[in-house]
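The block underneath contains the structure these notes are about, expressed in structure tokens.
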Amino acid sequence: MFRRLLPLLVLIAATLPAAAQERVLNVYNWSDYIDPYAVARFTRETGIRVRYDVYDSLETLEGKLSAGRSGYDIVVPTSEPTFARLLRAGALRPIDRAAIPNWRNLDATLMERVAGIDPGNRHGAVYLWGTVGLGIRVDRVRAALGPEVALDSLDILLRPENAQRLARCGIMVMDSPTDVLPSVLRWLGRDPNGHAAEDLRAAEQALMGIRRHVRTIIASSSILDALATGEACVALTYSGDVIQAQARAREANRGVEVGYVMPREGAQLWFDMLAIPADAPNPDAAHAFINFLLQPDVMAGITNHVRYPNAVPASRPLVDEAVRNDPNVFPPPEALARSFVAGTPPREAERERTRLWARFKRGR
Amino acid sequence: MTRRLLLAPVAAWLLVFVAAPAAILLAIALAEADPGVPPFRLALAAAGFSMLVADAYYLDALLSALGVAAMTALLCLALGYPMAIGIARAAPRRRVLLLAALMLPFWTGFLLRVGAWIGLLRDEGWINGMLRAAGIIEAPLPLLYTDGAMLAGMVHAYLPFAVLPLFAALLRLDPTLAEAAADLGARPPVVFLTVTLPATLPAATAGFLLVFIPAAGEFVIPELMGPPEAQLVGRVLWQEFFQNRDWPVAAALAVALLALLLVPIRLFQRIEARP
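So the protein lines, in turn, are chains A and B.
The first sequence begins at 0 in numbering that gives the first Met the number 0 and counts up one residue at a time.
The second sequence begins at 0 in numbering that gives the first Met the number 0 and counts up one residue at a time.
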């Protein structure tokens, strides 16, 4: 018996050192949020194997990191609230700039907008960013609300008479109070970060006014699918998801035309940050990966693929013309000036918001 | 001595996989929420439990989850009885085939099966597509994200847990009993109610509980197929854990669910113990 096993044992022993030397990078990123070619290229250039895992909500990411020892080397939390909260909880590792020569490629103005929560930008680099707005089926919305309707405001969704007329063709809202309530408050003319009782009451009233007409309240990844197949005709979600759905719908060529509405009231702006968990098993590989991503040609490839703007200005000329000139991908300066960044509410306000959200979902 | 030795693995199993997790859960339920990794500080605080009592939201979530679980279990029994009777009465070779047909879907991933249901029920899905092609409807029927979709998914997921104990009991049931009842003039429904049902009641209770207990805490099916208003305890637990990041309240809720589930389990033991 032993003699028969011997060659096998020798074989295992021979492969052991090789396995121990193999470097692995564990990436935890949003779903549909990278150019798959970039990952393959990173492995080819550095010899570091990438184990790539995805989430479709910030809550899942934060839950895993809060438990500790998540095993991930790179995570991509959104600036507010998750990145800010992880920072406060001490769950992120300071980044060693010396290991990332490409850090200088980053847009200083964009990085400045995150420095408020991460002084000196010590814990994260902006990966991609975008806005929150409406994905719509232009023809259906025109058919329901009249050909003259202005497609530039949250009025389409939040005015009950509009929602009522659109109910039949499918209204969806992403299941994320942190990404929906600020826009609703702004539409009401209130402070998007307000969490006083009267602010929340007003937001709740606005949401309840359209609740009967909302088909479902679901994770943004499901909304992307529903927009691409034409099952949703109005959906409140992330800009890049709408633009990806638009591309998918065109590929499918079944007569579904998806458009993005960046609210003129002022859109919520968010930044997804490349960050390293405090207990990352391979921080060196994580630094190498950030450095790799911040190259202009790599970033251009990612923006081409996922249709979100990046924070490396030198990549702009390398981005496909159609994407580069799409105002929904790269908002014009005047629209950016009206946009706002959501804050991180205190814990008790957070529970009030979650409870409000649960009432909205239940419809009572 | 030998008896103790034989019981040792069982005791170890219970200690490691039942008692220890329950103790950890209780410890977190009594902890204080605190931003950090992990997001709580061990203490003897009642904040988690007092929150459950103070806000009717949680009781509502618990009760509606128990309601949906009971409904699922009853539907599983209603479907399970004819299936189990059919399988038990089949010729032995066909019986194997029928059992395989019952179990086969369980060899595919759970999420995959939920995904298949979504594919059937969505607006552009198979059912709406066929109805539309047949000219029966013009606009798609809203099938997905309804209570019906949620129940269909739950019943499909848990059906074998109801069928298998019923099947085992029916196999042991002497067929001459039913024949005798029929000979004495009882019609099939009467035979079922007066002979089959009483004789298989413990198995039906077991099947009910095997479905009811996991269904009460179900998260995935209500989340992916149910209407947004179905805020069952599984979803509320998720919210407390992930959205509010309040692990003590989430743990307290899990302890409360566990305590509520002990009631039917105790009831079941009574029925089992009955001569």
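C-beta: ideal position from N, C-alpha, C; glycine also.
Given the structure is predicted, the values throughout are model-derived calculations rather than measurements.
Problem - Spatial neighbours of A:V170 in its chain, beta-carbon cut-off 8 angstroms, leaving aside the 5 residues before and after - result: Just to set this straight, residue 170 of chain A is Ile in the shown sequence, not Val. L156, A162, I209, H212, V213, R214, A231, C232, V233, A234, listed in sequence order.
Exercise for the section: Check whether the Cβ of A:P35 lies closer than 7 angstroms to any heavy atom of the ligand FMN, and answer yes or no. Expected result: Ligands in the displayed structure: none, and consequently the ligand FMN is not present.
Practice task
Flag A:D138 as yes if its beta-carbon sits less than 8 angstroms from any beta-carbon of chain B, otherwise no.
Solution key: Chain B places no beta carbon closer than 8 angstroms to that of A:D138, leaving this residue out of the contacts.
Practice task
Check whether the Cβ atoms of B:L158 and B:L97 lie closer than 8 angstroms to each other.
Solution key: no
Problem - Run of the alpha helix (DSSP H) containing B:Y157, from where it starts to where it stops - result: 146 to 171
Practice task
Mind listing the chain B neighbours of A:T228? Cutoff is C-beta to C-beta under 9 angstroms, in chain order.
Solution key: R121, D122, E123
Problem - Range covered by the alpha helix (DSSP H) that runs through B:L252 - result: Going by DSSP, B:L252 is part of the alpha helix (DSSP H) stretching over 246 to 272.
Exercise for the section: Could you name the residues of the segment 198 to 217 of chain B whose beta carbon sits closer than 8 angstroms to any beta carbon of chain A, in the order they occur along the chain? Expected result: none
Problem - Below-8 angstroms beta-carbon distance, B:A11 vs any chain A residue - result: Not one chain A Cβ lies under 8 angstroms of B:A11.
Practice task
My understanding is that A:V311 touches A:I33, with C-beta atoms under 8 angstroms, so please give their C-beta distance in whole angstroms.
Solution key: Not really, about 15 angstroms apart at Cβ, beyond 8 angstroms.
Practice task
For the beta strand (DSSP E) holding A:G258, just list the boundary residues, first then last.
Solution key: 257 to 260
Exercise for the section: Say whether the segment 257 to 264 of chain A touches the segment 47 to 62 of chain A, bearing in mind that this needs 3 or more beta-carbon pairs closer than 8 angstroms, one atom from each stretch. Expected result: Taking 8 angstroms as the limit for Cβ pairs, the verdict is that the segment 47 to 62 of chain A does not touch the segment 257 to 264 of chain A.
Practice task
Count the other C-beta atoms from every protein chain shown that fall within 10 angstroms of the C-beta of A:Q245, then say buried if there are 16 or more, exposed otherwise.
Solution key: Buried, because 16 or more other Cβ atoms sit within 10 Å of the Cβ of A:Q245.
Practice task
Label B:F160 either buried or exposed according to how many other C-beta atoms from any shown protein chain fall within 10 Å of its C-beta, with 16 as the threshold for buried.
Solution key: buried
Practice task
May I ask you to list, following chain order, the residues of the segment 322 to 353 of chain A that have a beta carbon less than 9 angstroms from some beta carbon of chain B?
Solution key: R346, E349, R350, R352, T353
Handout entry: Contact the segment 23 to 43 of chain B vs the segment 245 to 260 of chain B: 3+ CB pairs below 8 angstroms
Key = yes
Exercise for the section: Assess, as a yes-or-no matter, whether the segment 101 to 109 of chain B is touched by the segment 226 to 234 of chain B under the definition of 3 or more beta carbon pairs within less than 8 angstroms. Expected result: no
Practice task
Look up A:M173 in the DSSP assignment and give the residues it is bridged to.
Solution key: A:I217
Practice task
Kindly say whether B:N243, judged by its beta-carbon, lies nearer than 8 angstroms to any beta-carbon of chain A.
Solution key: yes
Handout entry: Exposure of B:D173, with buried meaning 16 or more beta-carbon neighbours within 10 Å
Key = exposed
Problem - chain A contact for B:A28 (CB, 8 angstroms cutoff) - result: no
Handout entry: Whether A:I216 touches A:D154 by CB criterion (8 angstroms)
Key = no
Problem - Test: A:I209 CB closer than 8 angstroms to a CB of chain B - result: Using a Cβ-Cβ cut-off of 8 angstroms, A:I209 does not count as an interface residue toward chain B, since no Cβ of chain B sits closer than that to its own.
Handout entry: Local Cβ density within 10 Å of A:Q204, reported as buried at 16 or more and exposed below that
Key = exposed
Exercise for the section: Would you give the residue range spanned by the alpha helix (DSSP H) that B:T199 belongs to? Expected result: Counting along the chain, B:T199 falls outside any alpha helix (DSSP H), and DSSP gives it neither H nor E.
Exercise for the section: Report the three-state DSSP secondary structure of A:P316 (helix, strand or coil). Expected result: helix
Practice task
Report the option in A:V125, A:L57, A:I47 whose CA atom is closest to the CA atom of A:A274.
Solution key: A:V125
Practice task
Determine, using beta carbons only, whether B:V36 comes closer than 8 angstroms to chain A.
Solution key: yes
Handout entry: Interface positions of the segment 62 to 78 of chain A facing chain B (Cβ-Cβ less than 8 angstroms), listed along the chain
Key = Listed in sequence order: G62, L64, S65, A66, G67.
Handout entry: Partners in chain A for B:A138, counting only beta-carbon separations shorter than 8 angstroms
Key = R167
Exercise for the section: Would you tell me roughly how many angstroms separate the C-alpha atoms of A:T81 and B:A100, rounded to the nearest one? Expected result: Their Cα atoms are separated by approximately 46 angstroms.
Handout entry: A:P308 (DSSP reduced to helix, strand or coil)
Key = coil
Exercise for the section: Label B:G114 either buried or exposed according to how many other C-beta atoms from any shown protein chain fall within 10 Å of its C-beta, with 16 as the threshold for buried. Expected result: exposed
Handout entry: Distance between B:E222 and A:A143 (C-alpha atoms, nearest Å)
Key = 30 angstroms
Handout entry: Which of helix, strand or coil DSSP assigns to B:P34
Key = coil
Practice task
For B:L253, I'd like the list of residues in its chain whose CB is within less than 7 angstroms of its CB, leaving aside the five on either flank, ordered along the chain.
Solution key: Residue 253 of chain B is actually Ala in this sequence, not Leu. Taken in chain order, the residues that qualify are L24, L236.
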